[in-house]
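In the numbering used here, the protein residues as written are 9 to 178. Ideal Cβ placement from N, Cα and C applies to all residues, glycine included.
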Amino acid sequence: MIISILNCDKKWGIGKKNGLLFSLPLDMKFFRETTKGHVVCMGENTLLSFPGSKPLKNRTNIVLSQDESHDYEGVINVHNFDDFLREIKKYSRNDDVFVIGGASIYRQMLPYVDYVLLTKVDADGGAEVFFPNLDEMSEFKCVDESEPLDDNGIKIRFTKYVNNKKKTID
């Protein structure tokens, strides 16, 4: 399975200044527990936004950098989108692969995901980058939504959107 995992604000905003919009311990715990032991794939800026620009522990990290001179330690480095898709396909045969950002990677991978695990945040984070509004896309259907939860003083809901028109990676 290929799964996008992220949170967004009321306006489908997902980031600002190459960082997260909110500090959400419950959402972070969900992310850690859901992705641990699996494969995560991301763009270069997402890797650089992590503490010390180090890959996530206890996961296989696939990183797409358009600059062929950028090879990061402890990750599978790829330098074009076709190679990125090939690596994801290879791993997705036997494991779940989680798409974890950034905005351009989420957008490019959206047709290929089986589903999206989206934490909806009931606040405006003043985002600079946005995720497509899945509620306006006929191919995506919300199949699960939690009750509102309080996460660091902010209401959140965990949701799952299924892609009914998933494209296969050639």
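Apart from the five residues just before and just after residue i, which ones in its own chain have a Cβ nearer than 6 Å to its Cβ?
i	result
residue 89	none
residue 68	47
May I have the straight-line CA-CA distance separating residue i from residue j, to the nearest angstrom?
i	j	result
residue 76	residue 51	13 Å
residue 74	residue 83	15 Å
residue 44	residue 99	15 Å
residue 121	residue 132	26 Å
residue 163	residue 22	16 Å
May I ask you to report which of helix, strand or coil DSSP gives residue i?
i	result
residue 176	coil
residue 18	coil
residue 154	coil
residue 29	coil
residue 100	helix
residue 53	helix
What residues match up with residue i in a beta bridge as DSSP calls it?
i	result
residue 40	Its beta-bridge partners do not exist; DSSP assigns none.
residue 94	BP columns for residue 94 are empty, so no partner.
residue 58	Per DSSP, none; premise fails for residue 58.
residue 171	148
residue 108	Residue 108 pairs with nothing; no bridge assigned.
With a threshold of 8 Å on Cβ separation, who are the neighbours of residue i within its own chain once the five nearest residues in sequence on each side are excluded?
i	result
residue 66	44, 45
Tell me which same chain residues have a C-beta within less than 7 Å of the C-beta of residue i, skipping the five on either side of it?
i	result
residue 37	none
Runs of beta strand (DSSP E) wholly within the segment 110 to 143 (minimum 3 residues, chain order):
Taking only runs of at least 3 residues, the beta strand (DSSP E) segments lying wholly in the segment 110 to 143 are 123 to 129.
Complete runs of the alpha helix (DSSP H) confined to the segment 62 to 91 [at least 4 residues]:
Runs found: none.
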